[in-house]
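Q: All you need for our numbering is the position in the sequence shown, starting with 1, plus 1299. A virtual CB, placed ideally from N, CA and C, is assigned to each residue, including glycine.
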Amino acid sequence: MDGERSALTTLCQEFDALIGETRFHSTERQELLERIVAEARARRPVLTLLGQLLNTDRETTLRTLATGLPGAGPGTARQEAFRCPDGACDRTAVPPPAGAIPRCAVMGRLMERG
């Protein structure tokens, strides 16, 4: 399988998990993912863009894609702490492992990983 086809296959297989993971990252990374999706839908090459998302060169990107995209896949449940989404207070919340992400009671927004 050539590199671009492999990249598109992995993107397709792990798309939902990758979308979920990117919400915890910067707007810049979210926009890059949106660009990757647009290019993939237009059937244009995405391998270089995935390399930018992963911050890797072409060969490392190909090796990474062979094992799946970071943040995708079943993963391992672990306890995480979440904090106020805009830093207005010092609240932290620790849901059960693999539990739902807590929401800010005041703003109704998802809390951020702490």
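What's the call for Ala1306, buried or exposed, on a 16-neighbour Cβ count within 10 Å?
A: Counting from one through the sequence shown, the residue named residue 1306 turns up at place 7. Its Cβ being crowded by 16 or more others within 10 Å, Ala1306 is buried.
Q: Kindly list the residues whose CB is nearer than 8 Å to the CB of Arg1357, restricted to its own chain and excluding five residues on each side of it in sequence; keep chain order.
A: Start at 1 with the first residue of the sequence shown, and residue 1357 comes out as number 58. So the list reads Gly1302, Leu1346, Thr1347, Gly1350, once near-sequence residues are dropped.
Q: I need the straight-line Cα distance from Thr1391 to Ala1341, nearest angstrom please.
A: Here residue 1391 refers to the residue found at position 92 when the sequence shown is read from its first residue. Here residue 1341 refers to the residue found at position 42 when the sequence shown is read from its first residue. In a straight line, the C-alpha of Thr1391 is about 42 Å away from that of Ala1341.
Q: Quick check on the DSSP output: the alpha helix (DSSP H) that includes Ala1316 runs from which residue to which?
A: Within the sequence shown, residue 1316 is the residue found at index 17, counting from 1. That run of the alpha helix (DSSP H) goes 1314–1321.
Q: Along the chain, where does the alpha helix (DSSP H) that runs through Glu1379 open and close?
A: Residue mapping note: residue 1379 aligns to position 80 of the sequence shown, counting from 1. Taken as a continuous stretch (DSSP letters only), Glu1379 belongs to no alpha helix (DSSP H), as it is neither H nor E.
Q: Suppose the cutoff is 7 Å on Cβ atoms and the five residues either side in sequence are ignored; what does the same chain contact list for Cys1403 look like?
A: Within the sequence shown, residue 1403 is the residue found at index 104, counting from 1. Contacts found: Cys1383, Pro1384, Met1410.
Q: Using three-state DSSP, classify Arg1342 as helix, strand or coil.
A: For the purposes of this step, residue 1342 is identified with residue 43 of the sequence shown, where counting begins at 1. Note: Arg1342 maps to coil in three-state DSSP.
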